[in-house]
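According to the UniProt record's numbering, the first sequence is numbered sequentially starting from 1.
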Amino acid sequence: MGFDNPYTNAPPIGRNPLHGILPRKATAEQVIRAMESDVNPFNKQPHKPQYKRLLERRKELPVFGQMSEFLKMFTQNQIVVVVGETGSGKTTQIPQLVCYSDLPHTKGQIVACTQPRRVAAMSVAERVANEMDVSLGKEVGYSIRFEDMNEPGATFLKYMTDHTLLREAMNDPDLKQYSTIILDEAHERTLATDLLMAFLKDLAQRRSDLKLVVMSATLDAHKFQKYLSIAGPSKPAPLFKIHGRTHPVEVFYTQEPEPDYIEAAIRTVLMIHRAEGPGDILLFLTGEEEIEDACRRIKFEADDLANQDPQSIGPLVCIPLYSSLPPQQQQRIFDPAPPSRAPSGPPGRKVVVSTNIAETSLTIDGIVYVVDPGLSQVKVYNPRIRFESLLVSPISKASAQQRAGRAGRTRPGKCFRLYMQKDFETELEEQTHPEILRTNLANAVLELAKLGVKDLIHFDYVDAPAPESLMRALELLNYLAALDDEGNLTPLGAMMADFPLDSQMAKMLIVSPEFNCSDEILTIVAMLSVPSVWRRLPNQQKEADVAKALLTIPDGDHLTLLNVYNSYISNKHDRNWCWNNYLGARALQEAENVRAQLQRTMERYDIELVTTQDERKLWQSIRKALVCGFFMQVAHKEGEKGGYLTVKDNQVVSLHPSCGLDSSPEWVIFNEFILTTKPYIRTVTEVRPEWLLEFAPNYFDLSTFPAGETKRALQSVLKKRTLKAVDGTGTGSVSTRSNKHDAEPKKKPKKQRSRAQRSGGG
DNA sequence: GAGCACTGC
Numbered sequence: 001m002g003f004d005n006p007y008t009n010a011p012p013i014g015r016n017p018l019h020g021i022l023p024r025k026a027t028a029e030q031v032i033r034a035m036e037s038d039v040n041p042f043n044k045q046p047h048k049p050q051y052k053r054l055l056e057r058r059k060e061l062p063v064f065g066q067m068s069e070f071l072k073m074f075t076q077n078q079i080v081v082v083v084g085e086t087g088s089g090k091t092t093q094i095p096q097l098v099c100y101s102d103l104p105h106t107k108g109q110i111v112a113c114t115q116p117r118r119v120a121a122m123s124v125a126e127r128v129a130n131e132m133d134v135s136l137g138k139e140v141g142y143s144i145r146f147e148d149m150n151e152p153g154a155t156f157l158k159y160m161t162d163h164t165l166l167r168e169a170m171n172d173p174d175l176k177q178y179s180t181i182i183l184d185e186a187h188e189r190t191l192a193t194d195l196l197m198a199f200l201k202d203l204a205q206r207r208s209d210l211k212l213v214v215m216s217a218t219l220d221a222h223k224f225q226k227y228l229s230i231a232g233p234s235k236p237a238p239l240f241k242i243h244g245r246t247h248p249v250e251v252f253y254t255q256e257p258e259p260d261y262i263e264a265a266i267r268t269v270l271m272i273h274r275a276e277g278p279g280d281i282l283l284f285l286t287g288e289e290e291i292e293d294a295c296r297r298i299k300f301e302a303d304d305l306a307n308q309d310p311q312s313i314g315p316l317v318c319i320p321l322y323s324s325l326p327p328q329q330q331q332r333i334f335d336p337a338p339p340s341r342a343p344s345g346p347p348g349r350k351v352v353v354s355t356n357i358a359e360t361s362l363t364i365d366g367i368v369y370v371v372d373p374g375l376s377q378v379k380v381y382n383p384r385i386r387f388e389s390l391l392v393s394p395i396s397k398a399s400a401q402q403r404a405g406r407a408g409r410t411r412p413g414k415c416f417r418l419y420m421q422k423d424f425e426t427e428l429e430e431q432t433h434p435e436i437l438r439t440n441l442a443n444a445v446l447e448l449a450k451l452g453v454k455d456l457i458h459f460d461y462v463d464a465p466a467p468e469s470l471m472r473a474l475e476l477l478n479y480l481a482a483l484d485d486e487g488n489l490t491p492l493g494a495m496m497a498d499f500p501l502d503s504q505m506a507k508m509l510i511v512s513p514e515f516n517c518s519d520e521i522l523t524i525v526a527m528l529s530v531p532s533v534w535r536r537l538p539n540q541q542k543e544a545d546v547a548k549a550l551l552t553i554p555d556g557d558h559l560t561l562l563n564v565y566n567s568y569i570s571n572k573h574d575r576n577w578c579w580n581n582y583l584g585a586r587a588l589q590e591a592e593n594v595r596a597q598l599q600r601t602m603e604r605y606d607i608e609l610v611t612t613q614d615e616r617k618l619w620q621s622i623r624k625a626l627v628c629g630f631f632m633q634v635a636h637k638e639g640e641k642g643g644y645l646t647v648k649d650n651q652v653v654s655l656h657p658s659c660g661l662d663s664s665p666e667w668v669i670f671n672e673f674i675l676t677t678k679p680y681i682r683t684v685t686e687v688r689p690e691w692l693l694e695f696a697p698n699y700f701d702l703s704t705f706p707a708g709e710t711k712r713a714l715q716s717v718l719k720k721r722t723l724k725a726v727d728g729t730g731t732g733s734v735s736t737r738s739n740k741h742d743a744e745p746k747k748k749p750k751k752q753r754s755r756a757q758r759s760g761g762g
């Protein structure tokens, strides 16, 4: 060429710094030259002074030295697997390199990078916008629920949560606007990442112009390579390895099994405090109660030690950490360790006692010692009884390594495992079971159906879920009429999939205008979608219960939730009102956001927001609408002692003590089954058996019903109903159509449109 | 008569 001297860094002013780069054939020399240009290649503005400073820091990242290798591999392959430990810079740098190679901005396309968590998507996008010297929300943006920080036409690099991309795919199955999709943190195997990976593997075979990068921590990279071998069964996807940059962590095991892991954990923390050099401690336990209790005991013992020997034992603060703590309290983990008591005295130390949240979601700098009892509480799904529960289980090797790594972020550290090396090697599973194997699959199956997957059983999953779990999901969706008998998505199912809700709730919301209570059902599903609004602090339980009783509607907990939300609104979202009534303001605010989002989806489908004036009629309509979604979660009273049996599955359950019903009605519908000291049902509302027969006739088809007390009770209801119908004394309350007429609909002023069209004149 | 690890739409 003779015009371009490859050895000068800056191109002439006015020249595009990307000049000479062929899309997807960029070389490291070209990219580095563009990065070092004085002009920003993406917006043609001169670089701000901080850009060069940041660039110098980026050059120290391991991935920078391997740029040439990565670009070659990216150029030559449609799919690449990247592994790199924390600190390798893969999350911030790889997407930028892909942009320099893809040049998405020249084609009106976007490079996407998914994250399992919202905060990560936001904070990484901000970081990368800084590094690229562009504005956040313009050239580099992010998409998470409730927040779309992008500018159509301008954004060419987008960080987003995995579930957000999955939603986009549901409405644009070719994901046409994306040139390359990067799945980050794939080793976490969230449900959304798993579904996306399977979907994108298939899409990549339909769209040869789409590139896919799957990024993971080192451990299961081979599995992804093999899974993504679309070039042929003997051609695994190529692997690009980035060297990590963490400090070594020395691992210690116990010589004997520890009979009491909490006691052993506390002993170990105190041993470190007494005998080890400065540095903070991170202790992993399983749950809130255990953590609070351990904090009290550690504090007590540490104070005792310090009193005995103030010359050599420094002060110690113990900080609990779990997700239900308010953010302000979570921030305490970043407080510095306490100062020593005397100028020359032993230094203070900070102990963070945490759930798994400190394993991935939150990173605490300054941790040098990790104490790992090897346990965590995990969600397990039992397809036989169709419910999820939490179980304390041994962690996986991968998880143990992740925990140990937390000690090596700032300098070499130590990890004390409270189990024997032999058990680590022989008893622990390699990987934590991916979420798809541990969860109720109803939503996932509906999402896959909406993505266009026809055969949900033989679909090419990364790890195929248990057939029984799949069958349970298909069965539920079929009863809800989201899938037909052949397993095809129905128009109703397609609509349900667009609501960010569990399928039962989506169904209930969609049919609620038929009962003239969609305004209220919308509120109830929003309240059921957020964490519990009830605050019940350990030393104020009586007061909290009194406050709750004042808001309780005895006909059902669902109605109580409605009442709480309406009271919150009529009290103008007042935080003090929330506080005085022992309610969580954050959860109520979240419910309001969710409600608004769902309302927008309803508007898209012309689902009206209607209500009924007469409160008694309204409450009854709401209870009927509940049946349309939750008919598979019904319990029937058995015996005199307030015991219940779940319908069909025959699980013995009790009403949860938080339940607000003033009696124990014969038939109830429940939102949640929880297994703690014994099996409970929570958030419970009374229903009438005739509604079950009427609104869920397929599920309550008595000819296929298991024999027992429930069946006999339903049979007698059916018999009475038939008799009434024959002699003409029926009240009409069992007819679907009648309830449309017996309540005068009160429409919201703004929403005067299509109800008549939809229900054929109603 | 008692509390749910952690994400996400």
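C-beta atoms are modelled at their ideal positions from N, C-alpha and C, and glycine is treated no differently.
Open item on the list: By the DSSP assignment, the alpha helix (DSSP H) with H105 in it spans what residues?
Closed with: The residue labelled residue 105 in the question sits at position 105 within the first sequence. No alpha helix (DSSP H) contains H105, which DSSP labels as neither H nor E.
Task: For G84 and K90, the rounded distance between their alpha carbons - done: Taking the first residue of the first sequence as 1, we reach residue 90 at position 90. Taking the first residue of the first sequence as 1, we reach residue 84 at position 84. Roughly 7 Å separates the two Cα atoms.
Task: Buried or exposed (CB count within 10 angstroms, at least 16 for buried), R616 - done: Taking the first residue of the first sequence as position 1, residue 616 is located at position 616. Exposed.
TODO: Tell whether a beta-carbon distance below 8 Å holds between Y568 and R535.
DONE: Indexing the first sequence from 1 puts residue 568 at position 568. Indexing the first sequence from 1 puts residue 535 at position 535. No; because the gap between Cβ atoms is not below 8 Å, this pair is not in contact.
Task: Residue range of the unbroken alpha helix (DSSP H) whose run includes Q504 - done: Sequence index remark: in the first sequence, residue 504 carries index 504 (1-based). That run of the alpha helix (DSSP H) goes S503 to V511.
Task: Whole-Å CB distance - M170 paired with Y142, under 8 Å assumed - done: In the first sequence, residue 170 corresponds to position 170, counting from 1. In the first sequence, residue 142 corresponds to position 142, counting from 1. Wrong, their Cβ atoms sit about 19 Å apart, outside the cutoff.
Task: Cβ distance (whole Å) where T439 is taken to contact E514 below 8 Å - done: Working through the first sequence from its first residue, we reach residue 439 at position 439. Working through the first sequence from its first residue, we reach residue 514 at position 514. The Cβ separation is near 31 Å, so there is no contact.
TODO: Work out the CA separation of T286 and S324 for me, nearest whole Å.
DONE: By one-based count along the first sequence, residue 324 stands at place 324. By one-based count along the first sequence, residue 286 stands at place 286. Approximately 13 Å between the Cα atoms of the pair.
- [ ] Out of M505, V124 and T155, state which residue places its alpha-carbon closest to the alpha-carbon of K138.
- [x] For this step, residue 138 is matched to residue 138 along the first sequence. For the residues M505, V124 and T155, the minimum Cα distance to K138 belongs to T155.
Task: C-alpha gap between T8 and F240, whole angstroms - done: As a first step, residue 8 is located in the first sequence; it is residue number 8 there, counting from the start. As a first step, residue 240 is located in the first sequence; it is residue number 240 there, counting from the start. Bear in mind that a pLDDT of 48 at T8, under 50, signals an unreliable position, so the number given afterwards is only what the model happens to contain. Their backbone Cα atoms lie some 30 Å apart in a straight line.
Task: Inter-stretch contact (C-beta, 8 Å, three-pair minimum) for the segment 455-463 and the segment 423-438 - done: yes
Open item on the list: Given this structure, state the Cα-to-Cα distance separating K548 from L509, to the nearest angstrom.
Closed with: Your numbering for residue 548 matches position 548 in the first sequence. Your numbering for residue 509 matches position 509 in the first sequence. Each residue's alpha carbon lies about 26 Å from the other.
Task: Whole-angstrom distance between L55 and I32, CA atom to CA atom - done: On the first sequence, residue 32 is found 32 positions in, with the first residue counted as 1. On the first sequence, residue 55 is found 55 positions in, with the first residue counted as 1. Whole-angstrom Cα-Cα distance: 10 Å.
Task: Contacts around P23, its chain only, beta-carbon distance under 7 Å, and the 5 residues preceding and following it disregarded - done: Working through the first sequence from its first residue, we reach residue 23 at position 23. Cβ within range, chain order: D102 and L103.
Open item on the list: Run through the DSSP bridge pairs and tell me what Q115 is partnered with.
Closed with: Taking the first sequence and counting its residues from 1, one reaches residue 115 at position 115. T161, per the DSSP bridge assignment.
Task: Backbone secondary structure at N566 - three-state DSSP - done: The residue given as residue 566 occupies position 566 in the first sequence. In the structure shown, N566 sits in a helix (DSSP, three-state: H, G or I).
- [ ] Using the Cα positions of Y100 and A112, report the straight-line distance between them to the nearest angstrom.
- [x] Along the first sequence, one-based indexing puts residue 100 at 100. Along the first sequence, one-based indexing puts residue 112 at 112. Taking the straight line joining both Cα atoms gives about 14 Å.
Open item on the list: Quick check on the burial criterion: 16 or more other C-beta atoms within 10 angstroms. Buried or exposed for A10?
Closed with: For the purposes of this step, residue 10 is identified with residue 10 of the first sequence, where counting begins at 1. Because A10 sits at a pLDDT of 48, beneath the cut-off of 50, its placement in the model cannot be relied upon, and the point is left open.
- [ ] Enumerate in chain order the residues of its own chain whose CB-to-CB distance from L18 is below 6 Å, with the five nearest sequence positions on each side excluded.
- [x] Within the first sequence, residue 18 is the residue found at index 18, counting from 1. Result list for L18: A34 and P41, in chain order.
Open item on the list: By the three-class DSSP mapping on this structure, what secondary structure does N16 have?
Closed with: Residue numbering aside, residue 16 sits at position 16 when the first sequence is read from its first letter. Coil, per DSSP.
Open item on the list: Just to confirm the assignment, what range does the beta strand (DSSP E) spanning E686 have?
Closed with: Looking up residue 686 in the first sequence gives position 686. Per DSSP, E686 belongs to the beta strand (DSSP E) from P679 to E686.
TODO: My understanding is that residue 766 touches L210, with C-beta atoms under 8 Å, so please give their C-beta distance in whole angstroms.
DONE: Residue coverage of the chain in this structure runs from 1 to 762, which leaves residue 766 outside it and unanswerable.
Task: Where the alpha helix (DSSP H) containing D194 begins and where it ends - done: Translated into the one-based positions of the first sequence, residue 194 becomes position 194. Segment L191 to R206, the alpha helix (DSSP H) holding D194.
TODO: Compare the beta carbon distance of A265 and P373 with 8 Å and say whether it is the shorter of the two.
DONE: As a working mapping, residue 265 is identified with position 265 in the first sequence. As a working mapping, residue 373 is identified with position 373 in the first sequence. Yes; because the gap between Cβ atoms is below 8 Å, this pair is in contact.
Task: Alpha-carbon to alpha-carbon, P554 and K711 - done: Counting from one through the first sequence, the residue named residue 711 turns up at place 711. Counting from one through the first sequence, the residue named residue 554 turns up at place 554. Cα to Cα, K711 sits roughly 27 Å from P554.
Open item on the list: Please classify Q329 as buried or exposed, where buried requires at least 16 other C-beta atoms within 10 Å of its C-beta.
Closed with: By one-based count along the first sequence, residue 329 stands at place 329. Exposed, since its Cβ has fewer than 16 Cβ neighbours within 10 Å.
- [ ] Measure from the alpha carbon of Q540 to the alpha carbon of each residue in N566, N580 and I524, then state which is nearest.
- [x] Residue 540 sits at position 540 when you count from the first residue of the first sequence. Minimum Cα distance to Q540 is reached at N580.
- [ ] Using beta-carbon positions only, say whether R57 and Y253 come within less than 8 Å of one another.
- [x] By 1-based counting over the first sequence, the position of residue 57 is 57. By 1-based counting over the first sequence, the position of residue 253 is 253. No.
Open item on the list: I'd like to check one pair, T164 with R189: are the Cβ atoms closer than 8 Å?
Closed with: Reading the first sequence from its first residue, position 189 is the one you call residue 189. Reading the first sequence from its first residue, position 164 is the one you call residue 164. It is not a contact, given that the beta carbons lie outside the stated cut-off.
Task: Nearest to G345 (by Cα), restricted to the options Q589, P278, I364 and R586 - done: By 1-based counting over the first sequence, the position of residue 345 is 345. Out of Q589, P278, I364 and R586, P278 has the C-alpha closest to the C-alpha of G345.
- [ ] Go ahead and label F300 buried or exposed: buried means 16 or more other beta carbons lie within 10 angstroms of its beta carbon, across all protein chains shown.
- [x] As a working mapping, residue 300 is identified with position 300 in the first sequence. Exposed: under 16 other Cβ atoms inside 10 Å.
Open item on the list: Quick check on V251: does DSSP put it in helix, strand or coil?
Closed with: As a first step, residue 251 is located in the first sequence; it is residue number 251 there, counting from the start. Reduced to three states, the DSSP call for V251 is strand.
- [ ] Enumerate, from N- to C-terminal direction, the unbroken beta strand (DSSP E) stretches of 3 or more residues contained entirely within the segment 364-389.
- [x] 367-372 and 375-382
- [ ] Run the CB neighbour count on E447, radius 10 Å, all protein chains shown included, and call it buried at 16 or more, exposed below.
- [x] Sequence index remark: in the first sequence, residue 447 carries index 447 (1-based). Buried, since its Cβ has 16 or more Cβ neighbours within 10 Å.
- [ ] Evaluate D557 with the Cβ neighbour count: other Cβ atoms within 10 Å of its Cβ, from every protein chain shown; 16 or more gives buried, anything less gives exposed.
- [x] On the first sequence, position 557 is the one that residue 557 refers to. When all chains shown are included, D557 counts as buried.
Task: Complete beta strand (DSSP E) runs within the segment 566-593 (minimum length 3 residues, chain order) - done: none
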